[in-house]
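Participant: Have a look at this one.
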Amino acid sequence: MNLSGVLFFPVTPFAPTGELAEDVLAEHIARGLEHGPGAVFAACGTGEFAALSGAEHAAVVRVAAGTTRGRMPVFAGAGGPLGAALNQAAAAREAGCDGLLLMPPYLSMSTPAGFLAYVRAIAAILPVVVYQRGSVVLTPEQAVELARVPGVIGLKDGLGDIDLMQRIVLAIRREIGDDFTFFNGLPTAELTMGAYRGLGIELYSSAAFAFAPDIATAYLNGAEHLLTEFYEPLVRLRAKVPGYAVALVKAGVRLGGLDAGPVRPPLVDASPEDVAELETLIKHGRSLAGGS
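Counted from 1, the sequence shown has number 300 at position 278 by our numbering; the numbering is strictly sequential.
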């Protein structure tokens with residue numbers, strides 16, 4: 023599967039009474055599609071994957087697939103306990119999704135052979151991009167073995183170990199070929215794309231696209247000054263509170279006029295002061311992006 027452009031990770035909106043707001047989600051995705059992302063990744067980290075019930079997850083991926091109508095690939099988050107991951111994969115397949123972003127197993131430490139079996143079972147349902155983060159830290163040899171599994175099509179790196187990723191990329195390119203997909207999955211990935219491009223990795227997940235697609239697209243198209251003027255201040259703001267990598271994105275969506283609701287515990291919403299700082303930063307970023 024060939025992906026290109028900005029990878030869009032929508033938030034999952036909730037109503038004031040707490041339930042999933044499907045109509046807001048559809049509007050949120052539709053607004054993002056106007057800016058031409060390369061793919062949509064629904065019910066993933068930015069979409070509060072860990073906070074969704076099985077029924078909510080199925081509804082999110084159904085809305086995402088229905089809104090895109092085949093105009094671009096749609097991936098769904100899956101992971102955690104094997105039974106839950108298999109149910110999520112089946113729901114994504116039924117909804118018409120093209121693949122899965124496979125989160126690490128929940129509180130399960132195992133051997134490489136055990137993780138390989140876990141991935142193999144899920145990849146039998148839909149194509150899988152393995153997410154390297156948390157408990158999933160691969161050696162180049164393990165990465166090659168995973169890449170040989172039918173249905174495993176890519177690796178998203180949320181670890182940030184540049185030496186390790188270079189060795190993984192070289193090993194897979196040598197043993198598997200150029201069709202395997204890599205992308206940078208660090209929070210606010212734009213800030214580290216200079217390093218990842220040096221490894222031969224051009225794709226990245228863009229949390230900023232969810233609330234400022236015009237800024238994210240301007241950066242993709244060469245507005246490098248946004249790194250210092252927008253992304254670096256955004257990362258400083260994000261680093262103030264654990265969980266702001268999601269909470270600030272949702273706040274940004276609300277600032278854009280869509281009532282995406284609060285984040286769910288254990289995440290906490292951004293403070294009014296930090297939301298005000300985010301609003302100022304978005305305005306500044308837009309003034310620069312518009313002149314790019």
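Ideal placement from N, C-alpha and C gives every residue a C-beta, glycine not left out.
Could you say which of R196, P235, V191 lies nearest to L221 if we only look at CA atoms?
Facilitator: Within the sequence shown, the letter at position 199 stands for residue 221. Per the Cα distances, V191.
Participant: My understanding is that P127 touches G102, with C-beta atoms under 8 Å, so please give their C-beta distance in whole angstroms.
Facilitator: Taking the sequence shown and counting its residues from 1, the one referred to as residue 127 is at position 105. Taking the sequence shown and counting its residues from 1, the one referred to as residue 102 is at position 80. About 7 Å; that satisfies the 8 Å criterion.
Participant: Of the choices G92, V33, A37, T161, whose alpha-carbon is the least far from that of H50?
Facilitator: By 1-based counting over the sequence shown, the position of residue 50 is 28. That would be V33, whose Cα lies nearest to the Cα of H50.
Participant: Is DSSP giving L310 helix, strand or coil here?
Facilitator: For this step, residue 310 is matched to residue 288 along the sequence shown. Correct three-state label for L310: helix.
Participant: As a quick exercise: from G207, G176, G180, pick the residue whose alpha carbon is nearest that of I194.
Facilitator: Position 172 of the sequence shown holds residue 194. If we check each option's Cα against that of I194, G176 comes out closest.
Participant: Rounded to a whole number of angstroms, what is the C-alpha to C-alpha distance between P38 and P284?
Facilitator: Here residue 38 refers to the residue found at position 16 when the sequence shown is read from its first residue. Here residue 284 refers to the residue found at position 262 when the sequence shown is read from its first residue. Their Cα atoms are separated by approximately 8 Å.
Participant: Pick helix, strand or coil for V28, following the three-state DSSP scheme.
Facilitator: Residue 28 sits at position 6 when you count from the first residue of the sequence shown. Here V28 sits in coil by DSSP.
Participant: Mind checking A311: buried by the 16 CB within 10 Å criterion, or exposed?
Facilitator: Counted from its first residue, the sequence shown places residue 311 at position 289. Per the 10 Å Cβ criterion, buried.
Participant: Near Q164, which residues of its chain fall below 7 Å by C-beta distance, leaving aside the five closest residues on each side in sequence?
Facilitator: As a working mapping, residue 164 is identified with position 142 in the sequence shown. Counting only Cβ-Cβ distances below 7 Å, and skipping sequence neighbours, we find P134.
Participant: Over what stretch of residues does the alpha helix (DSSP H) that includes F315 continue unbroken?
Facilitator: Residue 315 cannot be examined here, being either before or after the span of the chain that is shown, 23 to 314.
Participant: Where does V159 land, buried or exposed, given buried means 16+ other C-beta within 10 angstroms?
Facilitator: Walking along the sequence shown from the start, residue 159 turns up at place 137. Exposed is the call here.
Participant: I'd like to confirm the pairing. Which residues does DSSP put opposite Y153 in its beta bridges?
Facilitator: Here residue 153 corresponds to residue number 131 of the sequence shown, with the count starting at 1. K178, per the DSSP bridge assignment.
Participant: What residue ranges within the region 61-117 form continuous beta strand (DSSP E) runs of no fewer than 3 residues, ordered along the chain?
Facilitator: Segments of the beta strand (DSSP E) lying fully in the region 61-117: 61-64, 96-100.
Participant: Could you check the C-alpha separation between G265 and G180 for me, to the nearest Å?
Facilitator: By 1-based counting over the sequence shown, the position of residue 265 is 243. By 1-based counting over the sequence shown, the position of residue 180 is 158. Spanning the two alpha carbons is a distance of roughly 15 Å.
Participant: Determine, using beta carbons only, whether A117 and V83 come nearer to each other than 8 Å.
Facilitator: Counting from 1 along the sequence shown, the entry for residue 117 is found at position 95. Counting from 1 along the sequence shown, the entry for residue 83 is found at position 61. Taking 8 Å as the Cβ cut-off, A117 and V83 qualify as a contacting pair.
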